[in-house]
Amino acid sequence: MNRIEMIKQALCDLTSTDVASPKQLQAIMQGMDLSLGGFEPYVEEPDCLPYGRTTLYQSKAVEAVLIHLPSGTETLIHDHGSSVGCSLLLEGRLMNRFFRLQDDGFPYLAGETDIPQESYYFAPEKQIHQLRNAGPSRAVAFHIYAPGA
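Written out as structure tokens, the structure reads:
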């Protein structure tokens, strides 16, 4: 079974009425074979964004994506709206930078967490953050968000 089929099989039973938590998404991920080798054909180079993003599976209930941040790049500061997420860093090292909004609506850095390779990290609802790869090599991460985009 290829990676796309494996992901679809693991996620297809989630419905848009299911309320998933980041920990529930982690439990689903832990039941999958998430070694990087099987994902290598799906790792995209950056195009319009400073990172590569591959949608591996998407429904109203859930979305699975592969993110590739080359060395020295970072995502835009963003949130995932009403979605929650769980991610596994397959390769490299990342810094997850957390932001809060000032009274004027502009974000300010409120903290950051180092994410070593093979670590899970979470995106609670409405979390404002940025992923940064300051390391010498690429970073590749598998993400699941619920509900899907």
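All the letters of the sequence shown, read from the start, carry residue numbers 1 to 149 under UniProt numbering.
Backbone N, C-alpha and C fix where the C-beta goes; we use that ideal spot for every residue, glycine too.
All values reported here derive from a predicted model rather than from experimental measurement.
1) If you follow the beta strand (DSSP E) that glutamine 130 is in, where does it begin and where does it stop?
2) On the CB-based measure, 16 or more other CB atoms within 10 Å of its CB, does phenylalanine 142 come out buried or exposed?
3) Unbroken beta strand (DSSP E) runs of length 3 or more, entirely within the stretch 32-112: which are they?
4) How close, in whole Å, do the beta carbons of glutamate 112 and asparagine 96 come, if the pair is a contact with beta carbons under 8 Å?
5) Quick test of your reading: valine 65 and threonine 75, contact by CB under 8 Å. State the CB separation rounded to the nearest angstrom.
6) Shortest alpha-carbon distance to alanine 20 belongs to which of Ser119, Val84, Lys8?
7) Would DSSP call alanine 27 helix, strand or coil?
In short:
1) Taken as a continuous stretch (DSSP letters only), the beta strand (DSSP E) holding glutamine 130 covers 128-133.
2) buried
3) 52-58, 63-69, 84-91, 94-101
4) 6 Å
5) About 12 Å; that fails the 8 Å criterion.
6) Val84
7) Reduced to three states, the DSSP call for alanine 27 is helix.
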